[in-house]
Amino acid sequence: MTEDNKYHFTIEIGVRDYELDSEGIVNNAVYQHYLEHARHQFLCKVGYSFAQMEAEGLTPVVSRVEINYKSSLRSGDVAVCRLWIERKGIRFVFHQDIYNKATGALAVQAIVTSVVVKNGWPTRGEQLAEFFKDYLS
């Protein structure tokens, strides 16, 4: 794992046996759950929960996901999910990497793009940007 300083957030997630496919590796769709969990926990870290956003009529919506699978995680592995964020216009772009804790091998590189909707209408995302201000590049 290199360039640790570029990341704004890190969380560890233990691989669960029910997440494995018939080959004994984490199913490709499960990595999206890991990525989403990391983003949700990052929101908690910056002090803005989904419950708070919902109460304010805000909904972050994923508009694009790009995933490059590099190596497989298996039963007993611990996924180290790391992210950094940037803003491109109205979009919030999460750069997310998942590593195998024991080996340091990169398992997944992902770019997840989201926008913010308020009461069903697109916004510029200014409310969310305020919470991300210390992290946006």
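Going letter by letter, the sequence shown gives residues 4 to 140 in my numbering.
The C-beta atom is built at its ideal place from N, Cα and C for all residues, glycine as well.
Check whether the stretch 126-133 and the stretch 56-74 are in contact - that is, three or more C-beta pairs closer than 8 Å.
yes
Which residue marks the beginning of the alpha helix (DSSP H) containing residue 67, and which one marks its end?
The residue given as residue 67 occupies position 64 in the sequence shown. Unbroken run through residue 67 is the beta strand (DSSP E), 61-72; no alpha helix (DSSP H).
Straight-line Cα distance separating residue 77 from residue 24
As a working mapping, residue 24 is identified with position 21 in the sequence shown. As a working mapping, residue 77 is identified with position 74 in the sequence shown. The straight-line gap from Cα to Cα measures roughly 10 Å.
Tell me the start and end of each unbroken beta strand (DSSP E) in the stretch 45-126 that is at least 3 residues and wholly inside, in chain order.
61-72, 81-91, 94-103, 109-121
Test item: CB-CB of residue 88 and residue 46 under 8 Å:
As a first step, residue 88 must be located in the sequence shown, where it is residue number 85. As a first step, residue 46 must be located in the sequence shown, where it is residue number 43. No. Outside cutoff.
Determine the burial state of residue 69: buried for a count of at least 16 other Cβ atoms within 10 Å of its Cβ, exposed for fewer.
Counting from one through the sequence shown, the residue named residue 69 turns up at place 66. Exposed: under 16 other Cβ atoms inside 10 Å.
Quick test of your reading: residue 115 and residue 81, contact by CB under 8 Å. State the CB separation rounded to the nearest angstrom.
By 1-based counting over the sequence shown, the position of residue 115 is 112. By 1-based counting over the sequence shown, the position of residue 81 is 78. Contact doesn't hold; Cβ gap of about 21 Å is too wide.
What residue from 35, 109, 51 has the CA that sits closest to residue 136's CA?
The sequence position of residue 136 within the sequence shown is 133, counting from 1. Ranking 35, 109, 51 by Cα distance to residue 136 puts 51 first.
Compute the Euclidean distance between the alpha carbons of residue 36 and residue 96, then round it to the nearest angstrom.
If you number the sequence shown from 1, residue 36 lands on position 33. If you number the sequence shown from 1, residue 96 lands on position 93. Their backbone Cα atoms lie some 17 Å apart in a straight line.
If residue 83 sits next to residue 102, beta carbons under 8 Å apart, how far is it from one beta carbon to the other, in whole angstroms?
Walking along the sequence shown from the start, residue 83 turns up at place 80. Walking along the sequence shown from the start, residue 102 turns up at place 99. At roughly 4 Å, the Cβ-Cβ gap stays under 8 Å, so residue 83 and residue 102 are in contact.
Output the boundary residues of the beta strand (DSSP E) element that contains residue 15.
The residue given as residue 15 occupies position 12 in the sequence shown. Taken as a continuous stretch (DSSP letters only), the beta strand (DSSP E) holding residue 15 covers 12-17.
Element boundaries [alpha helix (DSSP H), containing residue 32]:
Against the sequence shown, residue 32 aligns to sequence position 29. No alpha helix (DSSP H) holds residue 32; DSSP gives it neither H nor E.
Residue range of the alpha helix (DSSP H) that residue 133 falls in?
As a working note, residue 133 is residue 130 in the sequence shown. First-last of the alpha helix (DSSP H) with residue 133: 129-135.
Would you mind working out which of 112, 126, 8 sits nearest residue 38, comparing C-alpha positions?
Here residue 38 refers to the residue found at position 35 when the sequence shown is read from its first residue. Answer by Cα proximity: 112.
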